[in-house]
Structure formats: C-alpha cells, structure tokens
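Numbering (the working numbering), first residue to last: 1 to 166. Here the structure comes first, spelled out in structure tokens, and everything after it is commentary.
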C-alpha cells in the first residue's frame, strides 16, 4: 500500500530521529493511515487519495482557500498524518520483535523513557491531530468535496468511557 507521507514530511512538523528504523517507521505510517486517517476520511475518499495521490495535492499539503469571501487555511493531511504517526512512533517505536520475544531497544548510554511519559506524549499528539482534523474537516465541508461524506467525520471514538454512579 502507498504511504501518503515520508520521514521528511514528518520532520516538517515533529522532531524525529534521522537514524530511526525505516522499516518500523513505514509500518507505523501504514498503521496510522489505516487506523487513524481512514475512519476520519471515509473509505471512499481515502481510497481515492491512495489511488490518485496527484489529484489530491491541495488536500494533502494544505494551503489558503476562500469560502464566503473569507480566507481560511487548510493545514493538510500530511500535517494531520504526521501528528498521528508521531504519536504512534513515540509509543511503539522502541519495541522490536525478535526470535526471543518482543524486546525494547536500549543503548549503552541511554535510559528508557517512563511509560507514563510516552502515554502523555502519545495523547498530546493525538489531541493535536484531532484539532488539525477539525480544520481539515471544515475545508472538506466548505469546499463541498464530492467524495467526502461528513457523516464519516468522526471525532475521538476510541476507548471506553466510564462514569461513576453515585
């Protein structure tokens, strides 16, 4: 499957190591495209973008557009996907599958980041991604994108929510 962004695209928005494992990063990019981006865009628009990426450059890269005589900025799907990928990268990139089980990479002069810090960074980047998504969703609705159905434009739907009954 075609990746919509690369390490270079991510580096425009988030600080990412130049020496990280490309195979792992590419895996995370595809995960973010399928698990985060596809549900927001809907299957039709997502598949159209993947099939004809050159036809969707304005949506991918963003830019200024006019609606009702007002100028707005579309941040672009590359920015959105960069935040989703970075969230996953922070949370999952240090884990590698080996013949001896799943292990965490450690350098001789390094100390692993605490899991709670990873989770905070993960959640913060996902929160930022959803704010960017609201901007892109407005662009799609204002420009009346044919292959976008606003019904697919979910907000945060992952996880469970518990409330205490008193």
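Idealized CB from N, CA, C, for every residue including glycine. On a predicted model such as this, the values are computed, not experimentally measured, just so you know.
{"Query": "Verify whether the separation of the beta carbon atoms of residue 83 and residue 128 is less than 9 Å.", "Result": "yes"}
{"Query": "So, does the segment 8 to 17 touch the segment 75 to 89, judging by three or more C-beta pairs under 8 Å?", "Result": "yes"}
{"Query": "Rounded C-beta distance between residue 139 and residue 74? I'm assuming under 8 Å.", "Result": "4 Å"}
{"Query": "With distance defined between alpha-carbon atoms, name the residue in 144, 49 and 60 nearest to residue 67.", "Result": "144"}
{"Query": "Taking the alpha helix (DSSP H) that residue 43 falls in, what are its first and last residues?", "Result": "43 to 51"}
{"Query": "Can you tell me where the alpha helix (DSSP H) with residue 141 in it begins and where it stops?", "Result": "115 to 142"}
{"Query": "Please report the straight-line C-alpha distance between residue 52 and residue 111, rounded to a whole angstrom.", "Result": "44 Å"}
{"Query": "I think residue 87 touches residue 65, with their Cβ atoms under 8 Å apart; what is that distance to the nearest whole Å?", "Result": "The pair is not a contact, with the Cβ atoms about 27 Å apart (cut-off 8 Å)."}
{"Query": "Kindly indicate which residue of 60, 34 and 8 has the alpha-carbon position closest to the one of residue 132.", "Result": "60"}
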